[in-house]
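S.K.:
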Amino acid sequence: MSSNETVTRLERFAAPYAREITLDDVVHESGMRLLRITVREGRRFTIFDLDAATAAHWGSALRDWSERAEPGGE
Numbered sequence: 566m567s568s569n570e571t572v573t574r575l576e577r578f579a580a581p582y583a584r585e586i587t588l589d590d591v592v593h594e595s596g597m598r599l600l601r602i603t604v605r606e607g608r609r610f611t612i613f614d615l616d617a618a619t620a621a622h623w624g625s626a627l628r629d630w631s632e633r634a635e636p637g638g639e
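Last residue of the sequence shown: 639 (the numbering used here), numbering continuous.
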C-alpha cells in the first residue's frame with residue numbers, strides 16, 4: 566500500500582476455515598480506482614487489485630455459483 570492512495574474499507578467478514586476477507590476501495594493519486602480484495606489465512610495474505618470490469622465479471626460468476634449451490638438451486 567502506497568501513501569499515494571486513498572483506501573476506504575467497504576466490507577470485512579469471516580469465511581470458512583478461519584479466513585478473513587476484506588474489500589477496500591482504493592483510489593490512486595492518478596485517479597485510478599481499484600477494488601482490493603485481501604484474504605487472510607493465519608499469517609498469510611493474498612491480495613487482488615481488480616478494475617471495475619473484472620470485479621463485475623467476478624461478482625457475476627460468484628453470484629451465479631452461489632445461486633446454484635443453495636438448496637433448491639439448479
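For glycine and all other residues, C-beta sits at the position ideal for the given N, C-alpha and C.
#1: What does DSSP give as the partner residues of Leu-600 in its beta bridges?
#2: Indicate the three-state DSSP secondary structure (helix, strand or coil) for Arg-608 in the structure shown.
#3: If distances are taken between C-alpha atoms only, which option among Ile-586, Thr-571, Glu-570, Thr-611 comes closest to Arg-577?
#4: Judging by CA-CA distance, which residue of Gly-607, Ala-579, Val-592 is the nearest neighbour of Asn-569?
#5: Given a threshold of 16 other Cβ atoms within 10 Å of its Cβ, counted over all protein chains shown, does Leu-627 qualify as buried or as exposed?
M.R.: Result, derived from the coordinates:
#1: Reading the sequence shown from its first residue, position 35 is the one you call residue 600. Beta-bridge partners assigned by DSSP to Leu-600: Asp-590, Leu-615.
#2: Counting from one through the sequence shown, the residue named residue 608 turns up at place 43. DSSP places Arg-608 in coil when its eight states are reduced to three.
#3: Sequence index remark: in the sequence shown, residue 577 carries index 12 (1-based). That would be Ile-586, whose Cα lies nearest to the Cα of Arg-577.
#4: The sequence position of residue 569 within the sequence shown is 4, counting from 1. Minimum Cα distance to Asn-569 is reached at Val-592.
#5: One-based indexing of the sequence shown puts residue 627 at position 62. Leu-627 counts as exposed, since fewer than 16 other C-beta atoms from the protein chains shown sit within 10 angstroms of its C-beta.
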